[in-house]
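A short worksheet on the structure shown next.
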Amino acid sequence: MSWIGNAIVAVLLVAGVYVWWRARRNRLWREAMAALARRRRFALIILGIYVVIGMLDAVSWVGGDGVQGVAASEARSVIDRIFKPSVFREKSYSAPFASAEFVGGAALTFPGRHVLGTDLLGDDVLYKTLKGVKVALLIGGLTCLVLIPLALLFGVSAGYFGGRIDDVVFFVMSTLASIPNLLLLIALIMALGKGTLQVCFALGITGWVGLSRLTRAETLKLRELEYVQAARALGVSHFTIVLRHILPNLAHLVIITFALLFTGLVLSETILAYLGIGLDGSWGRMIDQARNELSRDPIIWWNIAAASTALFILVLCVNLIADALRDILDPRTLRERT
Amino acid sequence: MSAGPQPLLKVEGLKTWFPVRSGVLQRVDRWVRAVDGVDLEIPQGQTLALVGESGCGKTTVGRSILRLEHARAGRVLYKDTDLLALSHAAMRPFRQAMQIVFQDPTSSLDPRMTVRDAIAEGLRSFNIGTNAAERTERVAELMTMVRLDPDHMWRYPHEFSGGQKQRICIARALAVEPKLLICDESVSALDVSIQAQILNLLRELQTKLGLTYLFITHDLGVVGHIADRVAVMYLGQIVETGDVTEIFQAPKHPYTKALLGSVPRLELDRRGLLAAAPGDPPDPANPPAGCRFHTRCLEVFAPCAATAPALIEADGRLCRCHLYDSAINREVGP
Amino acid sequence: MSTPILNVENLTVTFPARGARAPVVDAISLSVAQGEVLALVGESGCGKSMTALAILRLIAKPGRIEPESRIVFEDRDVLGLKVTQMRALRGAGIAMIFQEPMASLNPVQTVGDQVIEALRLHERVGRAAARDRAAAIFERVGIPDPRGRLDAYPHQLSGGLKQRVMIAMMLVVQPRLLIADEPTTALDVTVQAQILALLRELQDELDMSILLITHDFGVVNELSDRVAVMYGGRIAEEGTRAEVLGAPRHPYTQGLLRSIPSLAHRGGELEEITGTVPSLGTWPAGCRFATRCPKVFEPCNEQVPQTVGVSETHNAACHDVARNQPS
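Residue numbers (the numbering used here), protein chains in the order written: chain A, 220 to 557; chain B, 421 to 754; chain C, 733 to 1059.
As structure tokens, then:
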């Protein structure tokens, strides 16, 4: 299954370059990107590091580095190859940079080399934290890939066409919003299975209502603006109007909501992990597994600290960027800039 | 009314009503009769001004003609074709012949589209010009025609002033070579000095391109300056229509008199002579019985509250008032 | 000659633009005499509304009234007042009515309550007495069924009635100076005529001074005694109504008056003032109107024109007027 990961990375890279190239040709987007780079340089760099780590973990292939045993026939990513988890492990807990086991004090196989210590099974905590990056990015990214088109489809058609379509969409939205989110999620995951794709799909289906409401309201407003009326008077078809006038003017809303959804989703997964249905290898799992460690005496803190800190930094960076984006992409600032 | 050549646009009995819904089931309660039986005629190459205050329905008339609003009754005859009877697909070629310029230049332009793309939108829609380069050239021609610098075509609307944006809107409307241009309060949002520039431009374009204008406005000064004929609207109906100079110098309908009398003059000795219609305009969802203006009319008499007057010919113009209806006057007396 | 009720000297209001601070109102001086109506005319962006806000010290950051400005109202230095004193002055000494009555009225309070609130803010009056005063004021400003309307909400009233309520709110405390910022621009023309007549009646009756801000010369002609024309943050011309409207000397005023369309101008081209108003921060050195003036010559682009007296009451800030003036 390694080729799926590789294919996704390839597609993402190509898509990223394409979007970058198209945006650079449009002066408004160019100015927006420059403004963002100016205001949030640090957050962008850190987010970039996360993305690179995630990509390194997504690209994987079989064989080639002389590892023996079961691992030899599995596809291993770049991170796997750097850390060699089957080799680079202890028997059980050990503190960061320690040379002896935490319980009992026996000597370690790799004394002083575990930067963040090891967990219950002896796996290096830094390694597990880095593997969690890809999972977090997946939760945010893949879910939004399902969620955003769904929200736009319902929201824009309800707002633009109104009438019966609006009534139906509104009904669906209200019904979905009335069902407790968590329960619906759990039910869907139980039904579909606990794999990554299924969890992301379930999160997507339960999360589109908020953005849909926003886009519906904004579309209602945009539809009455004179430039849309002028387009109708010029004989432009409804489909073209939606594509060329409505969607580009919704872009700022979508981008900002995407950034906020992303963090919300990553944090939601943490809660799901608490309930036992989180994704394999995510920080939520790490935190869940570390629950009992805090009550031990002496305390074992490095597991939960590593996962929480990595989570916190990612969420903070994305929130800061979203905040700056809200100011930069606000259509009103477009007018004041003259 | 005119026995001459066929008018370019003729509107007969146009009615556009908006539903007012209430209650849990959203049933239609009442109707706002924004346009309630309007008749208009615009001869080719002339300018008809449609005047009235807010709420009289003049903007709705313009939009109903272009089918941007749904009219429930009436005919809109462009040359010989009734536009309201056409399907949306059949209507499309006629859209090329009639265009509109709106009041607010800022909301009339998509802020995320360059000026060139905005003006070329009609060209693309009607497949004028075989490729993008040809269309760009046509956009440059149009921009020069409205006295804008074609080098600025790659800029965005927010980089232009109000008057310049309105010129862009005019260029966009003219791109498809229409015969009729509806100007819906097109100069109302502009400063006086810019307004003068745009009015001069519109007059120049009319002569050069042989355009016919339907000029919707509330500003009587503008009407006096550029219109050939004027139609005065009150609460969804035309109350007086005819030649501009005649009506301005000798208005017949009491509302027209009130309207003309309310405009403050610039002459130094014409101060303190404002004559207005007392009270406020009534609710369009609940028009008064009989003549719609009788609640504010200074010349009201017996039949006004009971019977609604029809549009009658009086001295070379049409007027909707019992005062000029010789049939009624014979019975009741002056 | 009695002392003017309002005396503004060297008023400068700046806003940040392109890195530096640019003046939206540039060292203007004007005065309003007791019982007189001064009209401040100009197009959008000329700074007339800012002048009004500055007099009431309602300029919000990042705008700033520069320290060399002086505003004196009835012998009190307005810019030096403490916040509490200023609040007492607003509404009672100097009142203001705005263009959009809908935006100025609280939609969740009845109009009667709003008028009563305005009254009780400045005078110690009991509730019943305040209600009586409010009803009396409503009647005075021509609101039909005054007592009944006290309990109406703003959205239930038409534009004309709302503006009458604004005038009532202002009147109930009987200010000595009224600043009216485009009071009739948002109203229909028949309603405008009613409001203008009302304002003139009240002004006569109460001997109130009015600073009328507008862009409509017709309104200026109807109400004002003296006129000041603003362009680019400076006063271009000032004089009595007859002088400015009848015999304007500044090229901007002349151009403006000639570009007003009317039946009399039929068939001809309207005189245009070419070009557009430069945006904030890009003002040319010298006379602000130089880029659009038909009579421009050498000093216009370099030197700021001094105010030249054309008559005892009439002056204009223009190099052309200066050179044509017999000295």
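C-beta: ideal position from N, C-alpha, C; glycine also. All values reported here derive from a predicted model rather than from experimental measurement.
Quiz item: So what does P748(C) bridge to, in DSSP terms?
Solution: R753(C)
Quiz item: Which residues of chain B have a Cβ atom closer than 7 Å to the Cβ of A450(A), listed in chain order?
Solution: E541
Quiz item: So, using beta-carbon positions, are A786(C) and I797(C) closer together than 8 Å?
Solution: The answer is yes: Cβ separation under 8 Å.
Quiz prompt | Classification of A491(B) by the beta-carbon crowding that lies within 10 angstroms, buried from 16 upward | solution = buried
Exercise. Using a Cβ-Cβ cut-off of 8 Å, state whether H333(A) counts as contacting chain B.
Key: Taking Cβ atoms only, chain B never reaches closer than 8 Å to H333(A), which makes this a no.
Self-check item: Under 9 Å (Cβ pairs) to chain C, residues found in the segment 612–628 of chain B
Solution: Within the segment 612–628 of chain B, the residues whose Cβ lies closer than 9 Å to some Cβ of chain C are V612, S613, I614, Q615, A616, Q617, L619, N620, R623, E624, listed in chain order.
Practice problem: Output yes if chain B places a C-beta closer than 8 Å to the C-beta of G381(A); else output no. | Solution: By this cut-off, G381(A) is not an interface position.
Self-check item: Distance CB(L679(B))-CB(F668(B)) smaller than 8 Å
Solution: no
Quiz prompt | Integer-rounded CB distance, given that Y654(B) should sit under 8 Å from Y675(B) | solution = 5 Å
Self-check item: Same chain, Cβ closer than 7 Å to G341(A), neighbours up to 5 away in sequence not counted
Solution: Around G341(A): R308, E309, K310, S311.
Quiz item: Apart from the five residues on each side of it in sequence, which residues of its chain come closer than 7 Å, Cβ to Cβ, to G1007(C)?
Solution: T1023, R1024
Quiz item: Would E775(C) be called buried (16 or more neighbouring beta carbons within 10 Å of its own) or exposed?
Solution: buried
Practice problem: Taking a Cβ distance cut-off of 8 Å, strictly less, list which residues of the segment 486–512 of chain B are near chain A, in chain order. | Solution: L486, L488, R512
Exercise. Identify, in the order they occur along the chain, each residue of the same chain with its Cβ nearer than 7 Å to the Cβ of V530(B), setting aside the five sequence neighbours on each side.
Key: Contrary to the premise, residue 530(B) reads as Asp rather than Val in this sequence. Answer for D530(B): A538, listed in chain order.
Quiz item: Would the C-beta of S527(B) count as close to the ligand GTP, meaning under 7 Å from any of its heavy atoms?
Solution: Judged by which ligands are present, the structure shown has none, so any question about the ligand GTP falls away.
Quiz item: Nearest chain C C-beta to F668(B) closer than 8 Å, yes or no?
Solution: The C-beta of F668(B) comes closer than 8 Å to at least one C-beta of chain C.
Quiz item: Is the segment 543–557 of chain B close to the segment 628–647 of chain B, with three or more CB pairs under 8 Å?
Solution: no
Quiz prompt | Proximal residues, the segment 572–585 of chain B versus chain A, C-beta separation under 7 Å | solution = Y576, H578, E579
Quiz item: For the beta strand (DSSP E) that contains C1032(C), what are its first and last residues?
Solution: Looking at the DSSP string, C1032(C) is not in any beta strand (DSSP E), and its letter there is neither H nor E.
Quiz prompt | Distance between V1036(C) and N1056(C) (C-alpha atoms, nearest Å) | solution = 17 Å
Quiz item: T665(B) touches chain C at which residues, Cβ-Cβ below 8 Å?
Solution: L995, R998
Quiz item: Using a Cβ-Cβ cut-off of 6 Å (strictly less than) and excluding sequence neighbours within five positions of N400(A), which residues of its own chain qualify?
Solution: T425
Quiz item: Skipping 5 residues on each side, what residues in its chain have a beta carbon closer than 7 Å to that of R453(B)?
Solution: The residues are W437, G656, P704, P707.
Quiz item: Nearest to E741(C) by CA position, among V764(C), L770(C), I803(C), is which residue?
Solution: I803(C)
Quiz item: Can you check whether the CB of R536(B) is closer than 8 Å to the CB of M573(B)?
Solution: yes
Practice problem: Could you have a look at R966(C) and say whether DSSP puts it in helix, strand or coil? | Solution: strand
Self-check item: Contact set between the segment 421–455 of chain A and chain B, restricted to residues whose Cβ is under 7 Å from the partner
Solution: L444, E445, Y446, Q448, A449, A450, R451, A452, L453, G454, V455
Quiz item: Could you give the uninterrupted runs of the alpha helix (DSSP H) lying entirely in the segment 974–1034 of chain C, keeping only those of 4 residues or more?
Solution: Here the runs fully enclosed are 983–990.
Quiz item: Is DSSP giving Q766(C) helix, strand or coil here?
Solution: coil
Quiz item: Looking at the unbroken beta strand (DSSP E) that takes in D459(B), where does it start and where does it end?
Solution: 447–462
Practice problem: Would you list, in sequence order, the uninterrupted alpha helix (DSSP H) runs of no fewer than 4 residues that lie entirely inside the segment 922–969 of chain C? | Solution: 949–955
Quiz item: Is it true that the CB of A355(A) sits closer than 8 Å to the CB of L469(A)?
Solution: Not closer than 8 Å, so no.
Quiz item: On the premise that A277(A) lies in contact with K353(A), defined as a C-beta separation below 8 Å, what is that separation, rounded to the nearest angstrom?
Solution: Taking C-beta atoms under 8 Å as the contact rule, K353(A) and A277(A) qualify, at a distance of about 6 Å.
Quiz item: Which first and last residues belong to the alpha helix (DSSP H) in which N538(A) is found?
Solution: 521–547
Self-check item: Backbone secondary structure at Q669(B) - three-state DSSP
Solution: helix
Quiz item: Roughly how many angstroms lie between the CA atoms of A1017(C) and R998(C), to the nearest whole one?
Solution: 38 Å
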